[in-house]
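Reading through the structure tokens given below for one structure.
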Amino acid sequence: MISRTLLIGSITGLCMVGAGTMLTHPSKAKQDFQPVAHTGQDPVRMAMGDVELSSELVVNGLARPVQVCSIPGDYDRIFIVEQRSGSTGRVRIFNLDSGQMNSTAYLTQSVSTSSEQGLLGMAFHPNYDQNGYVYINYTATNGSTVIKRFTVSSSNPDVVDSSSAYTIMTISQPYSNHNGGWIGFGPDGYLYISNGDGGSGGDPGNRSQDLTNQLLGKMLRIDVDGGSPYAIPSDNPFVGITGDDEIWSYGLRNAWRCSFDRETGDLWMADVGQNAWEEVSVQPASSQGGENWGWRCYEGDHSYNTSGCPSSSTMEFPVWEYSHSYGCSITGGYVYRGEAMPALHGTYFFSDYCTSKMWTMKWDGTNVYDYEDRTSEIGGSISSVSGFGEDAAGEIYVCDLGGEVWKIISAPVPGACCIGTSSCVNIPESNCNSGGGTWMGEGTTCAGGACDEPDCPTDVNGDGNTNVTDILSMIADWGACSGCDTDVNDDGYVNVTDLLEAIGAWGPCE
Numbered sequence: 297m298i299s300r301t302l303l304i305g306s307i308t309g310l311c312m313v314g315a316g317t318m319l320t321h322p323s324k325a326k327q328d329f330q331p332v333a334h335t336g337q338d339p340v341r342m343a344m345g346d347v348e349l350s351s352e353l354v355v356n357g358l359a360r361p362v363q364v365c366s367i368p369g370d371y372d373r374i375f376i377v378e379q380r381s382g383s384t385g386r387v388r389i390f391n392l393d394s395g396q397m398n399s400t401a402y403l404t405q406s407v408s409t410s411s412e413q414g415l416l417g418m419a420f421h422p423n424y425d426q427n428g429y430v431y432i433n434y435t436a437t438n439g440s441t442v443i444k445r446f447t448v449s450s451s452n453p454d455v456v457d458s459s460s461a462y463t464i465m466t467i468s469q470p471y472s473n474h475n476g477g478w479i480g481f482g483p484d485g486y487l488y489i490s491n492g493d494g495g496s497g498g499d500p501g502n503r504s505q506d507l508t509n510q511l512l513g514k515m516l517r518i519d520v521d522g523g524s525p526y527a528i529p530s531d532n533p534f535v536g537i538t539g540d541d542e543i544w545s546y547g548l549r550n551a552w553r554c555s556f557d558r559e560t561g562d563l564w565m566a567d568v569g570q571n572a573w574e575e576v577s578v579q580p581a582s583s584q585g586g587e588n589w590g591w592r593c594y595e596g597d598h599s600y601n602t603s604g605c606p607s608s609s610t611m612e613f614p615v616w617e618y619s620h621s622y623g624c625s626i627t628g629g630y631v632y633r634g635e636a637m638p639a640l641h642g643t644y645f646f647s648d649y650c651t652s653k654m655w656t657m658k659w660d661g662t663n664v665y666d667y668e669d670r671t672s673e674i675g676g677s678i679s680s681v682s683g684f685g686e687d688a689a690g691e692i693y694v695c696d697l698g699g700e701v702w703k704i705i706s707a708p709v710p711g712a713c714c715i716g717t718s719s720c721v722n723i724p725e726s727n728c729n730s731g732g733g734t735w736m737g738e739g740t741t742c743a744g745g746a747c748d749e750p751d752c753p754t755d756v757n758g759d760g761n762t763n764v765t766d767i768l769s770m771i772a773d774w775g776a777c778s779g780c781d782t783d784v785n786d787d788g789y790v791n792v793t794d795l796l797e798a799i800g801a802w803g804p805c806e
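What follows is the structure, given as structure tokens:
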């Protein structure tokens, strides 16, 4: 893997419209702060355990990667979703131990090549190790969204059985953009499917607010184990009342990159805005569903088209938003739950496709805190951020649509590196070692003589060793001898005490 950490010197070192009143301004109950991004100022670095981040290149040469997935308990492989190579969407396996990509794709699917379409998402069944089921979300050649299931080959764990393809759901799309694409299993074992509003600009059919015979602009929730091709969970919010039974929540524009917090079960949704605002919304794991996230009535916290919309009091507003001064298309990420960077536990990573800015923040259930711009640390060579992902250990990866996958890591902690006996530089250990230096440890600095010769008072003649020559010098100066080098303990006498210290320090000075 290639690290993008800076190397120093010569040492060289990844929405039915409801009959309601016109909207009032939304309540700020969930956002009683002024996001830094609204002010046009640069965010101030907050205290997060003083963790500096970096990124390392995992693999390149991919075809429009948009997601990284993993199977729970499989620490050896990650699965990379390629939107399309020509007219074929692919899932490819990268082996973490060997650093090699399998030459044969795990899965292939013929897809539409129009606009934002292609293979857009995948999810492994929670019981994959028993049933081998994997689900994909793609746009077919006719432009429709298709949710399909495959089963892993019985003879090869690195490929699916192509003959096992089974269609779960097909949704017609009026346009080739805003088709959503994310799917994921929640902690309840149900499959969640994010559908965009169907495209064009401004949701001309107000599909996101339409609850009857309209699955676009929604988050769907289905039971893939309870029926064929699926069943409706009995606690879905519109079961038995007006509204399509599959709908879990609505009022989304194009939340095509979402994720579940693997520890809390909260659902994080990054919804791409229209002309001015990008947003992050969070549905707590305790939610009973039925939320209206606001589009097209609102774009983020801001009125967009309120004609015929219900009261804003019936809507949920984002926990975070940023203006198009900072980007134009949000790419949602994950809450960090890995072990390599414990100080970042509970931190949400996200980005913007247009500017490749990288941010992190935490959410306490009410407010966002510890918001940071991480672009200078993680960004660098990463551009056109099209997705994120986790490995089985909870470490986070970033997809660059240009063909690369990067891993977010902690930046190496520098320390004093001694080059010979006369030069010292502050660099990470690996850089020091590769340059033939002697590294003095994390956090050490060149100040204070870090590379000075070690203090070794028993080495009377300064040859770097305490040996018989030094003993003979002590014997020669035996007795009262104030200021003598042979008076090791500086008591004014060369005697048996000094001799014993020399014997105790026998050998090379350290």
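Residue numbers (our numbering): 297 to 806. Quick reminder that beta carbons are idealized off the backbone N, C-alpha and C, glycines included.
(message) Does the distance between the C-beta of Y622 and the nearest non-hydrogen atom of the ligand GDP fall short of 7 angstroms?
(response) What this structure holds is no ligand at all, so the ligand GDP is not there to describe.
(request) Mind checking which residues open and close the beta strand (DSSP E) that includes S459? (result) Start at 1 with the first residue of the sequence shown, and residue 459 comes out as number 163. Residues V456 to I467.
(request) Label E412 either buried or exposed according to how many other C-beta atoms from any shown protein chain fall within 10 Å of its C-beta, with 16 as the threshold for buried. (result) Position 116 of the sequence shown, counted from the start, is the residue given in the question as residue 412. So E412 ends up on the buried side.
(message) Closer than 8 angstroms is the cut-off here; do at least three beta carbon pairs connect the region 644-662 with the region 591-601?
(response) No: fewer than three Cβ pairs fall under 8 angstroms.
(message) Quick check on S351: buried or exposed, where buried means 16 or more other Cβ atoms within 10 Å of its Cβ?
(response) In the sequence shown, counting from the first residue as 1, residue 351 sits at position 55. It counts as buried.
(message) My output table needs one value for Y693: the three-state DSSP class, helix, strand or coil.
(response) Taking the first residue of the sequence shown as 1, we reach residue 693 at position 397. If DSSP states are grouped into helix, strand and coil, Y693 belongs with the strands.
(message) Using 8 angstroms for Cβ pairs, my map puts S449 next to V455. What's the rounded Cβ distance?
(response) Sequence index remark: in the sequence shown, residue 449 carries index 153 (1-based). Sequence index remark: in the sequence shown, residue 455 carries index 159 (1-based). Approximately 5 angstroms separates the beta-carbon atoms of S449 and V455; this is inside 8 angstroms, confirming the contact.
(message) Relative to the C-alpha of N663, which candidate in I692, S577 and G744 has its C-alpha closest?
(response) Here the question's residue 663 lines up with position 367 in the sequence shown. Of the listed residues, the one whose Cα sits closest to N663 is S577.
(request) Can you grab the Cα-Cα spacing for the pair G561 / G623, in whole Å? (result) In the sequence shown, residue 561 corresponds to position 265, counting from 1. In the sequence shown, residue 623 corresponds to position 327, counting from 1. So the alpha carbons of these two residues sit roughly 28 angstroms apart.
(request) Sort C714, A689 and G745 by Cα distance to S730 and report the nearest one. (result) Working through the sequence shown from its first residue, we reach residue 730 at position 434. S730 has its Cα closest to that of C714, out of C714, A689 and G745.
(message) Under 8 angstroms, with one C-beta from each stretch per pair, do the region 548-559 and the region 522-538 reach the 3-pair mark?
(response) Contact between the region 548-559 and the region 522-538 is absent: fewer than three C-beta pairs spanning the two stretches fall below 8 angstroms.
(request) Taking only the alpha-carbon atoms, compute the straight-line gap between S706 and L349 and give it to the nearest angstrom. (result) Counting from one through the sequence shown, the residue named residue 706 turns up at place 410. Counting from one through the sequence shown, the residue named residue 349 turns up at place 53. If you take the alpha carbons of S706 and L349, they lie about 4 angstroms apart.
(message) If contact is defined by three or more beta carbon pairs under 8 angstroms, each pair taking one atom from either stretch, is the region 720-729 in contact with the region 397-412?
(response) In this structure the region 397-412 does not lie against the region 720-729, because fewer than three pairs of beta carbons, one per stretch, are closer than 8 angstroms.
(request) Below 6 angstroms CB to CB, which residues in the same chain sit around G803 once its five sequence neighbours on both sides are set aside? (result) Counted from its first residue, the sequence shown places residue 803 at position 507. Closer than 6 angstroms at Cβ, skipping near neighbours: no residue.
(request) Using DSSP bridges, identify the partner residues of H474. (result) The residue labelled residue 474 in the question sits at position 178 within the sequence shown. In the DSSP output, where bridge partners are listed per residue, H474 has none listed.
(request) Could you check if Q584 is buried or exposed, using at least 16 other CB atoms within 10 Å of its CB as the buried criterion? (result) Position 288 of the sequence shown, counted from the start, is the residue given in the question as residue 584. Exposed, by the Cβ-count rule.
(message) Within the continuous alpha helix (DSSP H) that includes L884, where are the two ends?
(response) Look at the range of the chain in this structure, 297 to 806, and you will see that residue 884 is not part of it.
(message) Going by C-alpha to C-alpha distance, which of Y424, I464 and Y434 sits closest to R445?
(response) Residue numbering aside, residue 445 sits at position 149 when the sequence shown is read from its first letter. The candidate whose alpha carbon is nearest that of R445 is I464.
(message) Just to confirm, is the Cβ distance from T538 to L507 under 8 angstroms?
(response) Walking along the sequence shown from the start, residue 538 turns up at place 242. Walking along the sequence shown from the start, residue 507 turns up at place 211. Contact flag set, yes.
(request) Use the C-beta contact count for D794: other C-beta atoms within 10 angstroms, 16 or more gives buried, fewer gives exposed. (result) For the purposes of this step, residue 794 is taken as residue 498 along the sequence shown, with counting starting at 1. Flag for D794 reads buried.
(message) Quick check: what's the CA-CA separation for A688 versus D370?
(response) Walking along the sequence shown from the start, residue 688 turns up at place 392. Walking along the sequence shown from the start, residue 370 turns up at place 74. Approximately 6 angstroms, taken between the alpha carbons.
(request) Give every residue of the same chain whose Cβ lies closer than 8 angstroms to the Cβ of D541, excluding the five residues on either side of it in the sequence, and list them in chain order. (result) Taking the first residue of the sequence shown as 1, we reach residue 541 at position 245. I528, N532, F534 and V535, listed in sequence order.
(request) Count the other C-beta atoms from every protein chain shown that fall within 10 angstroms of the C-beta of L768, then say buried if there are 16 or more, exposed otherwise. (result) One-based indexing of the sequence shown puts residue 768 at position 472. L768 comes out exposed.
(request) Give every residue of the same chain whose Cβ lies closer than 7 angstroms to the Cβ of W735, excluding the five residues on either side of it in the sequence, and list them in chain order. (result) If you number the sequence shown from 1, residue 735 lands on position 439. Taking C-beta separations shorter than 7 angstroms and ignoring five residues to either side along the sequence, the partners of W735 in its chain run G711, C713, E725, C728 and N729, following chain order.
(message) If you measure between the beta carbons of K658 and T671, is that distance less than 8 angstroms?
(response) Locating residue 658 in the sequence shown gives position 362, where the first residue counts as 1. Locating residue 671 in the sequence shown gives position 375, where the first residue counts as 1. Taking 8 angstroms as the Cβ cut-off, K658 and T671 do not qualify as a contacting pair.
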